[in-house]
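Single-structure report; data block below.
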């Protein structure tokens, strides 16, 4: 396929006999009308929006819908400025193309809790641009001044004359886009800031929504891949004769470090894979064992690593403090365990390749596929399906599940959907890395931390990826220490040293919902709680004392505490703990109310206060905060991968438990009216829950739990 | 073999041990029923067999016989079933992958208990995992669905 997406849209529009007409700005016109000097070029509205003659409004999403609600939120931005009929709005994922690159990151991807803030200007501008052209088209038809026309609810009006957007779409297409548009004053917003229900609900409650797993077309085969059983193991000889005898199995082909069984359907592929005989070479030096590894990490933490942040004289500061505290915090490797196991469908046709998958990283996947096929990225079409959860696992710079599927399809010579079983998904690597934090702090006579020595040990996520040159500075991966060096508690601390050890290991690691904050917030908010108790102060009052110059943090903490009833005693047998953490530009405070039942920690209620700046869709913000609490609680109470001989020991939800309905606390979300710059919301509520629960457990039992998952002695 | 799927008897070419899930998805093309774990841990594959919620990922197709299999596709073509309406009203879904299973489990629960307590919901739905964490809205939606099913006002 050599025609561009834009031309394709136009062609398909014509072939639909006028039923649907692309809202198209001819390229010649755009080329002839450059923006005035100094003004930034407007995004090409036609790449992001189509208006049909049936009045339908289709928004093309540069970001992947993985549950976070961009499908609805980005459409709201367009609709707010377009003044269209919301009931006519639908969405589809954009293809992979440079025009859809992230406005801040420069590549097409979904991550970093950034879809809303990074698109707030662009998607509103698209709506405003299209509205301008529709109004001008109507004005030209009526031979009146555009200013005398009014657009609302998908209709342009002038006196008694009315034309719908659909009736105007074709004429609007031919007009020159405006050089600039003026966006609405926030006080005039009708949609933004209101509770809007999701646009993807109808297909997701009827089973019609198409996830990558659901891709089917004539001639498509299903493949399962046998991958190394341990990190560091390599493919030796294999015997496929038994596998090839399984009815339905058609081919067995080697991959980069595994063996793929290609069959008519999943079940045949699975039986075929079970029948493979493979000799895997053992990992060198026996492979990683997490019990030994964590002991090594604790040993490493005894000495400072690469300096992240330093001020004052740490040794003197600690020596001169009235009270000294030392604590070590530990978190394990974690799998993302999205509900939809990884999968990828690939069809190769000459030098062109089509890929169907739920990906968070179209640019990277497209480039990786092109590299394998010896072609250019524009020859690789990516159809982004709905993602059955992402959480970071589907944004892999190594493009693991896409590259592998391309290799299998190329070797098999037929279109192939590579499906991962739950066990494959859990054993497939790219985990949240394990970390040890060792903190020594010295408090003055008022309990204030005057010295803070913080050593972090754990693998780097960005080392070895294309992001390394951009992100790794002086041996420090900022994602390993985010939330520490810039902790609001330590701004007035006279002697501070934060340092990092970054061991290199064969275990592949990746971002996992809220990334480094998953462990830094746990260490930081637990240690601050320890300091509050050492100073004999109320944990809320102590924090507020340290946050005197941090009004947003203090306000969030105060609101959460107030709504949770902090000043009154918890119900009998329960206790409360709190935490506040800033990440992805947003501040989230949480109060957890816990009890212990049959030796198990039970979380009854979580009260959240959120300052994320403008909340585009409060209903979605609430959902993301609730969901983040659940994701964080799964890690706080259950999540742990262990390795022995380089092999992950857990395999499925029976031995890698996640939060279930009976453990669900009541989560209350208070969205703060905030004039602050817009932050993210997909991740920031994940990190504070573990320390909030650990601090509550301490209040209840006097047991300070410093290792995740939290287990009572 | 012959199977009664969503009210139609279908002739299916499958080996006896093949799980019902893969017959539905890969042989019949009914992809609304999801694969999540393959060992009855997550509930994403829940379908009804003679009205009972069944984990299709561990159910050999040969065990179905003449019993009636109903999947999410048979609930309503347009999302008008009371449980689906409650899901929409409560804005439950996030990624949506687990929701076919959550809905099918809820439909079976309400058939047994038209006005379930929170404890009933815990007992019925704790076998259905949601990694997006929609549990609270599911709980609210089940209560609303119970009301809608009884013909109550919203």
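Protein chains in written order, with our numbering: chain R, 2 to 714; chain P, 357 to 510. Just so it is clear, CB atoms sit at the ideal spot from N, CA and C, and this is done for glycine as well. From a predicted model like this one, the values you see are computed outputs, not experimental measurements.
Taken through DSSP and simplified to helix, strand or coil, residue 465 of chain P comes out as helix. With its beta carbon less than 9 angstroms from one in chain R, residue 448 of chain P belongs to the interface.
Taking the beta carbon of residue 641 of chain R as reference, no residue of chain P falls within 7 angstroms; the closest one sits roughly 16 angstroms away.
Pairwise C-beta distances place the segment 228-235 of chain R out of contact with the segment 386-398 of chain R, as fewer than three of them are shorter than 8 angstroms. Per DSSP, the continuous beta strand (DSSP E) segment holding residue 94 of chain R begins and ends at 90-94. Using beta-carbon distances, residue 470 of chain P does not count as an interface residue toward chain R, since no partner is under 9 angstroms. Counting only residues of its own chain and dropping the five nearest sequence neighbours on each side, residue 273 of chain R has a CB closer than 7 angstroms to the CB of 244, 247, 250, 262 and 264.
For residue 315 of chain R, the enclosing alpha helix (DSSP H) covers residues 315-321.
Taking 9 angstroms as the threshold, the shortest C-beta distance from residue 359 of chain P to chain R does not fall below it. Looking at the backbone, the Cα of residue 527 of chain R and that of residue 578 of chain R are separated by about 10 angstroms. DSSP places residue 557 of chain R within a helical segment (H, G or I) once states are collapsed to three. A Cβ-Cβ separation of about 35 angstroms leaves residue 595 of chain R out of contact with residue 477 of chain R under the 8 angstroms criterion. With a threshold of 16 other beta carbon atoms within 10 Å, residue 373 of chain P falls short and is exposed.
Remark: three or more beta-carbon pairs, one from each stretch, lie closer than 8 angstroms, so the segment 76-96 of chain R and the segment 114-132 of chain R are flagged as touching. Cβ atoms of residue 386 of chain R and residue 358 of chain R come within 8 angstroms of each other, at about 7 angstroms. In the displayed model, residue 474 of chain R falls within a strand according to three-state DSSP. Not a single CB atom of chain R sits nearer than 9 angstroms to the CB of residue 424 of chain P.
Judged by DSSP secondary structure, residue 239 of chain R falls within the beta strand (DSSP E) whose first and last residues are 235-240.
Beta-bridge partners assigned by DSSP to residue 212 of chain R: R:387. By DSSP's assignment, residue 587 of chain R forms a beta bridge with R:584.
Residue pairing of residue 395 of chain P in beta bridges, as defined by DSSP: absent, with no partner found.
Look at residue 362 of chain P: its C-beta is not under 9 angstroms from any C-beta on chain R.
Positions of the alpha helix (DSSP H) runs, each at least 4 residues long and wholly inside the segment 477-520 of chain R, are given as 479-482 in order along the chain. Of all residues in the segment 238-268 of chain R, only 248, 249, 265, 266, 267 and 268 place a beta-carbon less than 9 angstroms from a beta-carbon of chain P. Contacts with chain R (Cβ-Cβ distance below 9 angstroms) from the segment 395-422 of chain P involve 395, 397, 398 and 400, listed in chain order. Burial check for residue 218 of chain R: the Cβ neighbour count within 10 Å stays below 16, so the residue is exposed. Residue pairing by DSSP puts residue 645 of chain R in a beta bridge opposite R:648.
Interface with chain P (9 angstroms Cβ-Cβ cutoff): residue 342 of chain R is included. In the three-state reduction of the DSSP assignment, residue 368 of chain R falls in the helix class, which pools H, G and I. Residue 103 of chain R and residue 155 of chain R have their alpha carbons spaced roughly 29 angstroms apart. Assignment of residue 609 of chain R by DSSP, reduced to helix, strand and coil, places it in the strand class. In this structure the segment 344-361 of chain R does not lie against the segment 47-55 of chain R, because fewer than three pairs of beta carbons, one per stretch, are closer than 8 angstroms. In this structure, the alpha-carbon of residue 355 of chain R lies about 32 angstroms from that of residue 167 of chain R. When the alpha-carbon of residue 137 of chain R is set against those of R:118, R:107 and R:175, the nearest one is in R:175.
In the structure shown, residue 388 of chain P falls within a coil segment according to DSSP collapsed to helix, strand and coil.
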